[in-house]
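Contents: one structure, followed by commentary.
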Amino acid sequence: MSTKNIELEAELHEHDHDHEHHQSFITKYIFSTDHKIIAKQYLFTGIFWAFIGGLLSVVFRLQLGFPDMDLEWLRPFFGKWITINGKLDPEFYLALVTMHGTIMVFFVLTAGLSGTFSNYLIPLQIGARDMASGFINMLSYWFFFASSVVMFISFFIETGPASGGWVVYPPLSALPQAMSGSGLGMTMWLTAMALFIASTLLGGINYITTVINLRTKGMSFSRLPLTIWAFLLTAIIGLLSFPVLLAAALLLILDRSFGTSFYLAEIFINGEALPNMGGSPILYQHLFWFLGHPEVYIVLLPALGITSEVIATNSRKPIFGYRAMIGSMMGITILSFIVWAHHMFVTGMNPFLGSIFMLLTLIIAVPSAVKVFNYLTTLWKGNIVFTPAMLFSIGLVSFFISGGLTGIFLGNSAIDIQLHDTYFVVAHFHLVMGSAAFFGMMAGVYHWFPKMFGRMMDEKLGYVHFWLTFIGIYLVFFPMHYIGIAGFPRRYYSFTNFDTFSMFTDLNAFVSVAAIITFGAQIIFAFNFLYSIFKGRIAPANPWRSNTLEWTTPRNPGHGNWPGKIPEVYRWPYDYSKPGAKEDFIPQNIPYSQTPESNLPFEKDLVEKEKAEKES
Amino acid sequence: MVVTVILIGLVLIIAILAVVYRIHSLVDVARGNHKKKVTGSNGVNAALLFAFLVLSMISLIWYSVSRFDVYSLPVASEHGISTDNLFWVTMAVTGIVFIITQILLFYFSYRYRYRTKSKALFFPENNRLEMIWTIVPAIVLAVLIFSGLKIWNQVTADPPEEAEVLEIMGYQFAWKTRYPGKDGQLGKYDYRLIDATNEFGIDFRDKAAFDDFTPREIHIPKGKPVLLKIRARDVLHSVFAPHFRLKMDAVPGMPTSFWFIPNKTTEEMRIETGNPDFNYEIACTEVCGRGHFSMRMLVVVEEPEAYEKWKSEQEPWLSKNQDYLAKVPEDLQELALIKIGIDQ
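Residue numbers (this note's numbering), protein chains in the order written: chain A, 1 to 616; chain B, 1001 to 1344.
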């Protein structure tokens, strides 16, 4: 980007500045095109959904942990879904599981995580006034909002929300006569997802365009913070895979409402043989997982990006292997598209295809391992400051290891025969994807809260929140490995029908108690978050002594982010504890010419280059 | 009354917490903590991380060892022995990596906690290290992949000719099984022929169907290959026989199959587990609706002689439901009667 362009923007910005105060409440906070406001909208909606999703899991954990418990007291909330015996209705149990999965994967960890931090950090960290298209950005949020509304309303309809599992495999999801949740609830699920996909695509196009086109002077790709690399690659994955989910959903809508047979064949249900012939439920699974697996990385990569930034900052060390980190993220991005069928080893898919997907799946463990070792080396000989964000990042790495290693079992088709669709899988993905991504989100909130709201969150409450959540999550999900090895299947309302699954009532109760405590700990977060927005200590300009550009903005950056010219970038974002430097950090906007004492040999040439550019 | 007390209690607790929180933040301000780079919490958190490492490793090892018999399921099939072996080899490999990496993660966090006088090492990259931890995992994974491939190919190979064949069909919400009878061939079926009695949709225009029988539970012979022909009538189901390490989806419109060699009779398993009521069970592992958790089917593994005897005692479905003789074409009526053992 040329200097002229920046000057032009600066002028434009001043022009904007005059108008800023005339904005009405509605244009400023509701239909806003400012990326910071949109990010906060995503964050608040994400947190709202996280509490709903968590609450649902607490309800079905009550059923699993205490099958004999009288749930009559839930009747005011769930009405007829509590049976006359004071028990949870088995179909509603499935609805809870389904909605928990859908909400957490899509609304919390995709929209709440990517939506918040891609929107918030991309312009601030690359040195841009705003997103490439503020209007499309606004549309993206409102599509998500509409999707949320539809999904939320589906809780209150008579036949209940979608309940065929978050993967909504047909024919179960296609036939209203198969379960009540496959009626209107499923239609609303599909509608909500279609809106959600539109939102994700609008967001993704914007993130990609902004990162490619609006970087400030000097912000080359090799100087991008790893957060931005992660958001960019995430957006690319989303842009390529979400349309396939839309196709899958569209064919399902046609099968449900227009009598086609894409997924349906030879079905006899409720005393009636259906006319559908020639369709294949396996086709749906291929299409679904073509998104479904990349989705795992859509959820995970932003969390890993945030963690890279937080760990480097708080270890006061450069992230180890910056280029290897980018390389491994690119490797994960590409491989994420060619591993989807490892969810389908025992679906009757051709076993040879299974062999290929096993090979590709286990290859993806290599870049993941590289990332872990790089994190460990970054901590090594650091000078570590345990901010709450740092603790959540360390927790993320721990979950990523624990959950990642079990992936090596599940990716191996021979072992997967036994473990598929058992609690082992539940433990695996809740650790590696759910909890890790959730911790990435929390790390992000604690780390960038001062920038978002101009105030600090309370550290001590943050520590309590971290420890209860971290230990709680391990106590919830670690025991599930044992339950899974013992063969307990997922999505079971109760295990009493089988002798094989008669043990572990104690462990299941233990897990449920841990889940309730973990959920309770989130209330501490909610309090800290809301209280600090209004009453938190005023944040200093750069509270974590960090190198990235967002900390060069005013405490409460206005429209356009920087009041004057956008700062230029001269170095990579990880010059922490550079030998010879006065401070243990050198922000990206400090030219090498100002730091002769710490420049490395090859950087001395860059000083000359800087001078030459200044003159020209 | 109780609710009121609980509510008042909650309000009091929240009030107390709020006061404590307020005092603590005022004390923090008074101490000027926010001006320091790190507070005393830093050391506390570092120590807690270390304590977490030690305590979690101890409890992990204690539980894994002491409860081994509870969570490890006895295995009763030939291929199950190999997949179990691979499972435990993988467990050993990943277990070592798990312990080492978690120790490094928490130990480094503790060891390199902030100290005012120390400075972090500026160590941005080292290609040799990156190469090592790219290549070593790749080699280990390659070994695991190829062991897995070998077993997977054996498990999914074509079933032996002499395999005992039986059909298992999933529907909302149970399993049903059908045996080929004396001719050793399962009769054709068509889902449009299904009715309240003919739940399989057996097509009696096919003479192989005449002697098919449909027992309540599955019997299979020990030591002989058994081929399960799997199908579903309404939605997806999945046949899961945990002790046989067997799982395969039942898909409407697309028959699937799984073959295996059971290697312990039910009686032998009762002795091994010390549970006189032990039974092999089949469960469903693909969510299929309201009764998903209740799709139980019993499997009895017997010595081959006992199995043959049981088989010879089974009465063909057609002989139990002689109304359906009307569906048999004219020219096959006689054959049907002979096959179901009705003398004229």
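All C-beta atoms in this analysis are idealised placements derived from N, C-alpha and C, irrespective of residue type, glycine included.
Within the stretch 1261–1320 of chain B, note down every full beta strand (DSSP E) run reaching 3 residues or more, in order along the chain. Complete beta strand (DSSP E) runs here, min 3: 1280–1284, 1297–1302.
Do the CB positions of residue 1222 of chain B and residue 1276 of chain B come within less than 8 Å of each other? no
In terms of residue numbering, what span does the beta strand (DSSP E) encompassing residue 35 of chain A cover? Unbroken run through residue 35 of chain A is the alpha helix (DSSP H), 35–65; no beta strand (DSSP E).
Short of 6 Å in beta carbon distance, which residues of its chain neighbour residue 254 of chain A, apart from the five on each side in sequence? Order them along the chain. 260
Specify whether the stretch 479–488 of chain A and the stretch 578–588 of chain A touch according to this definition: at least 3 beta carbon pairs, one from each stretch, less than 8 Å apart. no
Buried or exposed by the 16-neighbour rule on C-beta atoms within 10 Å, applied to residue 1161 of chain B: exposed
Backbone CA spacing between residue 568 of chain A and residue 1041 of chain B [nearest angstrom]: 37 Å
Those runs of the alpha helix (DSSP H) which lie wholly inside the stretch 222–294 of chain A and span at least 4 residues: 226–257
Please classify residue 1312 of chain B: is it buried, with 16 or more other beta-carbons within 10 angstroms of its beta-carbon, or exposed? exposed
Would you mind telling me which residues of chain B sit closer than 9 Å to residue 316 of chain A, beta carbon to beta carbon, in chain order? 1114, 1119, 1120
Assign residue 1004 of chain B to one of two classes, buried (16 or more other C-beta atoms within 10 Å of its C-beta) or exposed (fewer than that). Residue environment: residue 1004 of chain B is assigned as exposed (fewer than 16 neighbouring CB atoms within 10 Å of its CB, all protein chains considered).
Just to confirm my understanding: we take residue 127 of chain A, look at its own chain, exclude 5 residues before and 5 after, and list those with CB closer than 7 Å. What are they? 215, 216, 219, 549, 566, 567, 569
Burial state of residue 1088 of chain B, where buried means 16 or more other Cβ atoms lie within 10 Å: exposed
Give the DSSP-derived three-state secondary structure of residue 632 of chain A in the structure shown. Residue coverage of chain A in this structure runs from 1 to 616, which leaves residue 632 of chain A outside it and unanswerable.
Reduced DSSP secondary structure (H/G/I, E/B, other) of residue 1246 of chain B: strand
For residue 125 of chain A, which residues in the same chain have their Cβ closer than 6 Å to its Cβ, ignoring the five residues on either side in sequence? Closer than 6 Å at Cβ, skipping near neighbours: 225, 228, 548, 549, 550.
Rounding to the nearest angstrom, what Cα-Cα distance links residue 1128 of chain B and residue 367 of chain A in this structure? 16 Å
Any idea what DSSP makes of residue 1226 of chain B, helix, strand or coil? strand
Local conformation of residue 370 of chain A per DSSP, three classes: helix
Is it right to say residue 137 of chain A is buried, meaning 16 or more other beta carbons lie within 10 angstroms of its own, or is it exposed? buried
Quick one: what does DSSP say residue 1258 of chain B is sitting in, helix, strand or coil? strand
List the whole-angstrom C-beta distance separating residue 1130 of chain B from residue 324 of chain A, where the pair is believed to meet the contact cut-off of C-beta under 8 Å. 5 Å
Three-state secondary structure assigned by DSSP to residue 9 of chain A: For residue 9 of chain A, the predicted model reports a pLDDT of 48, less than 50, meaning its position is unreliable; a value from the coordinates is still stated below. Residue 9 of chain A: helix per DSSP, three-state reduction.
Closest by CA to residue 396 of chain A, which one among A:311, A:96, A:598? A:311
Residue 338 of chain A in three-state terms, based on DSSP: helix
Nearest to residue 1284 of chain B by CA position, among B:1242, B:1324, B:1308, B:1142, is which residue? B:1242
Identify each residue in the stretch 152–164 of chain A for which the Cβ-Cβ distance to at least one residue of chain B is less than 7 Å, and report them in chain order. 164
Mind checking whether residue 512 of chain A and residue 64 of chain A have CB atoms under 8 Å apart? Taking 8 Å as the Cβ cut-off, residue 512 of chain A and residue 64 of chain A qualify as a contacting pair.
Just to confirm before moving on: does the CB-CB distance between residue 1192 of chain B and residue 273 of chain A stay below 8 Å? In contact: residue 1192 of chain B and residue 273 of chain A (Cβ atoms closer than 8 Å).
Quick test of the definition: if touching needs 3 or more C-beta pairs under 8 Å, does the stretch 106–121 of chain A touch the stretch 197–210 of chain A? yes
Is there at least one Cβ from chain B nearer than 8 Å to residue 441 of chain A's Cβ? no
When Cβ atoms are compared, which residues of the stretch 1273–1306 of chain B fall closer than 9 Å to chain A? 1275, 1277, 1278, 1279, 1280, 1281, 1283, 1284, 1285, 1286, 1287, 1288, 1289, 1290, 1291, 1292, 1293, 1294, 1295, 1296
Taking the Cβ atom as the reference point for each residue, do residue 1316 of chain B and residue 1210 of chain B lie within a distance shorter than 8 Å? yes
To the nearest angstrom, how far is the alpha carbon of residue 562 of chain A from that of residue 1048 of chain B? Their Cα atoms are separated by approximately 40 Å.
Evaluate residue 1157 of chain B with the Cβ neighbour count: other Cβ atoms within 10 Å of its Cβ, from every protein chain shown; 16 or more gives buried, anything less gives exposed. exposed
Do residue 409 of chain A and residue 1090 of chain B count as a contact pair if the criterion is CB distance below 8 Å? yes
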